[in-house]
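Engineer: Encoded as structure tokens, here's the structure I'll be asking about.
Protein chains: 2
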Amino acid sequence: MNTVMAIQKVADEVVIEKLMEIFRSVGYDGASMTELAAATGVKKGSLYHRYPGGKQAMAYAVLDHIADLNNSAMIKVFFSSEPADDRLSMALRSIYDFYDGGKLACVLRALSHGADAGLFRNQIAAIFQNCVNGFMHLAADFGHDMNTSIRLAESTMTRIQGSLILAQTFQKPDLFQATLNEVRVEFHKRI
Amino acid sequence: MNTVMAIQKVADEVVIEKLMEIFRSVGYDGASMTELAAATGVKKGSLYHRYPGGKQAMAYAVLDHIADLNNSAMIKVFFSSEPADDRLSMALRSIYDFYDGGKLACVLRALSHGADAGLFRNQIAAIFQNCVNGFMHLAADFGHDMNTSIRLAESTMTRIQGSLILAQTFQKPDLFQATLNEVRVEFHKRI
DNA sequence: GTCTATAGCTAGATAGAC
DNA sequence: GTCTATCTAGCTATAGAC
Chain A
4 MNTVMAIQKV ADEVVIEKLM EIFRSVGYDG ASMTELAAAT GVKKGSLYHR
54 YPGGKQAMAY AVLDHIADLN NSAMIKVFFS SEPADDRLSM ALRSIYDFYD
104 GGKLACVLRA LSHGADAGLF RNQIAAIFQN CVNGFMHLAA DFGHDMNTSI
154 RLAESTMTRI QGSLILAQTF QKPDLFQATL NEVRVEFHKR I
Chain B
4 MNTVMAIQKV ADEVVIEKLM EIFRSVGYDG ASMTELAAAT GVKKGSLYHR
54 YPGGKQAMAY AVLDHIADLN NSAMIKVFFS SEPADDRLSM ALRSIYDFYD
104 GGKLACVLRA LSHGADAGLF RNQIAAIFQN CVNGFMHLAA DFGHDMNTSI
154 RLAESTMTRI QGSLILAQTF QKPDLFQATL NEVRVEFHKR I
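Same order as they appear, the protein sequences are chains A and B. For the first sequence, my numbering begins at 4 and goes up steadily by one. For the second sequence, my numbering begins at 4 and goes up steadily by one.
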């Protein structure tokens with residue numbers, strides 16, 4: 004081909020990150036194409052070229068991106084040969100960082116409300132499930148029995164999500180950090 | 004006065020309940036005036052007569068309504084002379100009912116996202132704080148020391164909110180019920 | 001692949017008759 | 001206090017030049 008394509012000015016990954024940022028802070032319905040275009044630095048028309056499915060496709064892409072990030076993190080928790088305690092620390096650390104210490108809302112939660120929320124539920128559930136599975140295996144590595152591991156994993160996800168809500172409504176990120184510490188303690192409790 | 008006012012066709016309380024229902028299921032930005040009018044059975048023009056402040060005013064009214072409900076429930080937890088254990092059961096029971104056993108999302112959470120979310124944060128925080136205070140006093144009545152009571156109260160709210168999220172994304176209301184049970188156990192743990 | 005311009009529609013909100 | 005009719009602004013999405 005000797006056709007010269009116009010250069011992509013903003014990398015796909017950068018666009019995704021910006022889209023995620025907006026969806027996270029104002030939700031799906033709250034995010035307008037105008038705002039998304041402004042935030043990404045990509046004009047509306049170009050955004051539609053990248054995501055022919057429009058806003059929905061952008062949300063899907065963001066969720067795919069998060070699923071990838073999540074998988075990478077979870078693979079470390081699963082298959083690393085490091086001690087279970089170190090892997091727990093890594094997992095909690097990456098969660099801590101992902102939410103900027105409790106200052107950021109959860110994109111998954113932001114996308115789980117709204118008129119078209121049903122469209123994203125399966126993707127969101129899959130990511131949550133992936134996390135639950137990771138924590139479950141980790142709990143087993145800590146020596147907990149299966150039922151305890153399941154309950155502990157679900158409880159961990161429950162507390163993370165819940166504490167993010169409280170941390171943001173009270174504007175006290177500490178509540179998030181405190182919850183992560185409590186989770187840590189729970190894992191170490193003897194059976 | 005001999006002026007005859009036109010009759011109010013739908014009671015204010017009924018309207019509030021319907022508004023709450025819509026905000027809860029689709030969020031603030033996701034709720035259109037057309038939808039709100041249809042759900043309440045009150046035409047747009049009439050809705051604006053009742054709430055001159057428009058959609059924002061409706062959200063405020065819903066939050067005020069919830070604050071009232073919450074206060075009534077909390078007063079029972081505070082000032083009733085019944086045993087602490089019975090009051091805990093009452094509190095958990097009313098929470099269970101309010102969320103229809105985990106099948107309903109939390110309106111407060113639904114209103115805490117979106118472009119104008121900041122407008123509602125103080126009202127939402129006040130309601131959450133009211134709950135935390137109630138559970139804190141209750142924990143004290145259970146014999147827990149102050150620090151434990153605070154942590155337990157915050158942890159309770161954290162778990163309730165978090166488990167609602169998981170219950171809805173996984174469409175497993177049981178997770179909510181299970182969490183309420185766990186909370187109950189925590190309160191009974193000896194110091 | 002970039003962009004501008006605009007179509008087509010629905011949003012929230014208002015005016016005014018009854 | 002009810003309603004219908006309507007306004008304007010903003011929305012998502014598209015068309016087509018470069």
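Built from N, CA and C at the ideal position, the CB exists for glycine as well.
Hey, how far is the Cα of A:P176 from the Cα of B:K12?
Structural biologist: Looking up residue 176 of chain A in the first sequence gives position 173. Looking up residue 12 of chain B in the second sequence gives position 9. Answer to the nearest angstrom: the Cα atoms are 46 angstroms apart.
Engineer: Curious, which full-length alpha helix (DSSP H) runs of at least 4 residues does the segment 146-180 of chain B contain?
Structural biologist: For the segment 146-180 of chain B, the continuous alpha helix (DSSP H) assignments of 4+ residues that do not extend past its boundaries occur at 149-172, in sequence order.
Engineer: What do you get for B:D32, buried or exposed, if any count of 16 or more other CB atoms within 10 angstroms of its CB means buried?
Structural biologist: For the purposes of this step, residue 32 of chain B is taken as residue 29 along the second sequence, with counting starting at 1. Buried: at least 16 other Cβ atoms inside 10 Å.
Engineer: Rounded to whole angstroms, how far is the Cβ of B:S84 from the Cβ of A:T161, which I believe are closer than 8 angstroms?
Structural biologist: Within the second sequence, the letter at position 81 stands for residue 84 of chain B. Within the first sequence, the letter at position 158 stands for residue 161 of chain A. The Cβ separation is near 33 angstroms, so there is no contact.
Engineer: In chain order, what residues of the same chain lie with their CB nearer than 7 angstroms to the CB of A:A118, ignoring the 5 residues before and after it?
Structural biologist: If you number the first sequence from 1, residue 118 of chain A lands on position 115. So the qualifying residues of the chain are D32.
Engineer: So which of A:M77, A:D71 and A:S35 has the shortest CA-CA distance to A:H139?
Structural biologist: Stepping through the first sequence from its first residue, residue 139 of chain A is reached at position 136. It should be noted that the sequence gives Met, not His, for residue 139 of chain A. Of the candidates A:M77, A:D71 and A:S35, the one whose C-alpha sits nearest the C-alpha of A:M139 is A:M77.
Engineer: As an exercise, report each continuous alpha helix (DSSP H) stretch of at least 4 residues that is fully enclosed by the segment 47-78 of chain B, in chain order.
Structural biologist: 47-53
Engineer: Taking C-beta pairs closer than 9 angstroms, name the residues in chain A that B:L178 reaches, listed in chain order.
Structural biologist: Within the second sequence, numbered from 1, the residue matching residue 178 of chain B stands at position 175. Residues of chain A passing the Cβ test: E157 and T161.
Engineer: Between B:F173 and chain A, is there a C-beta pair that is closer than 8 angstroms?
Structural biologist: Taking the first residue of the second sequence as 1, we reach residue 173 of chain B at position 170. Cβ-Cβ to chain A under 8 angstroms: yes for B:F173.
Engineer: Could you give the distance in angstroms between the alpha-carbon of A:Y51 and the alpha-carbon of A:A60?
Structural biologist: In the first sequence, counting from the first residue as 1, residue 51 of chain A sits at position 48. In the first sequence, counting from the first residue as 1, residue 60 of chain A sits at position 57. Those two C-alpha atoms are separated by around 9 angstroms.
Engineer: Are A:V110 and A:I69 touching if we call contact CB-CB under 8 angstroms?
Structural biologist: Residue mapping note: residue 110 of chain A aligns to position 107 of the first sequence, counting from 1. Residue mapping note: residue 69 of chain A aligns to position 66 of the first sequence, counting from 1. Taking 8 angstroms as the Cβ cut-off, A:V110 and A:I69 qualify as a contacting pair.
Engineer: So which of B:D15, B:E16 and B:L22 has the shortest CA-CA distance to B:L213?
Structural biologist: No answer is possible for residue 213 of chain B: the residues shown for chain B start at 4 and end at 194.
Engineer: When you compare the CB of A:L183 with every CB in chain B, is at least one pair closer than 8 angstroms?
Structural biologist: In the first sequence, counting from the first residue as 1, residue 183 of chain A sits at position 180. A:L183 does not count as touching chain B.
Engineer: Under 8 angstroms between C-beta atoms, does B:K192 make it to chain A?
Structural biologist: Along the second sequence, one-based indexing puts residue 192 of chain B at 189. By this cut-off, B:K192 is not an interface position.
Engineer: Could you work out which residues of chain A lie near B:F131, taking near to mean beta carbons separated by less than 8 angstroms?
Structural biologist: Counting from 1 along the second sequence, the entry for residue 131 of chain B is found at position 128. Going along chain A in sequence order, the residues near B:F131 (Cβ under 8 angstroms) are L169, T172 and F173.
Engineer: For a contact meaning CB atoms closer than 8 angstroms, what does B:H116 contact in chain A?
Structural biologist: Here residue 116 of chain B is taken as the residue at index 113 of the second sequence, counted from 1. Per Cβ cutoff of 8 angstroms: V29, G30, G33, A108, R112, A113 and H116.
Engineer: Does the beta-carbon distance from A:F131 to B:T172 come in below 8 angstroms?
Structural biologist: Here residue 131 of chain A corresponds to residue number 128 of the first sequence, with the count starting at 1. Here residue 172 of chain B corresponds to residue number 169 of the second sequence, with the count starting at 1. Yes, these two residues count as a Cβ contact at 8 angstroms.
Engineer: What in chain A is Cβ-close to B:I98, meaning under 7 angstroms?
Structural biologist: The residue you call residue 98 of chain B lines up with position 95 of the second sequence. Per Cβ cutoff of 7 angstroms: no residues; B:I98 is ~13 angstroms from chain A at best.
Engineer: Run down chain A in chain order and give the residues with a C-beta less than 8 angstroms from the C-beta of B:Q164.
Structural biologist: Against the second sequence, residue 164 of chain B aligns to sequence position 161. Ordered by position in chain A, the residues that pass the 8 angstroms Cβ test against B:Q164 are Q164, G165, I168 and L169.
Engineer: Answer with yes or no whether the minimum CB distance from B:P86 to chain A is below 8 angstroms.
Structural biologist: By one-based count along the second sequence, residue 86 of chain B stands at place 83. It does not: the Cβ of B:P86 has no partner Cβ on chain A nearer than 8 angstroms.
Engineer: So, with DSSP's three-state summary, where would you put A:E85?
Structural biologist: Stepping through the first sequence from its first residue, residue 85 of chain A is reached at position 82. Three-state DSSP puts A:E85 in coil, outside helix and strand.
Engineer: Check the Cβ of B:I127 against every Cβ in chain A and list those closer than 9 angstroms, keeping chain order.
Structural biologist: As a working mapping, residue 127 of chain B is identified with position 124 in the second sequence. Per Cβ cutoff of 9 angstroms: T172.
Engineer: Are the C-beta of A:R124 and some C-beta of chain B separated by less than 8 angstroms?
Structural biologist: Locating residue 124 of chain A in the first sequence gives position 121, counting from the first residue. Output row for A:R124: interface = yes.
Engineer: Which of the three DSSP states is assigned to B:C134 in this structure?
Structural biologist: Your numbering for residue 134 of chain B matches position 131 in the second sequence. DSSP places B:C134 within a helical segment (H, G or I) once states are collapsed to three.
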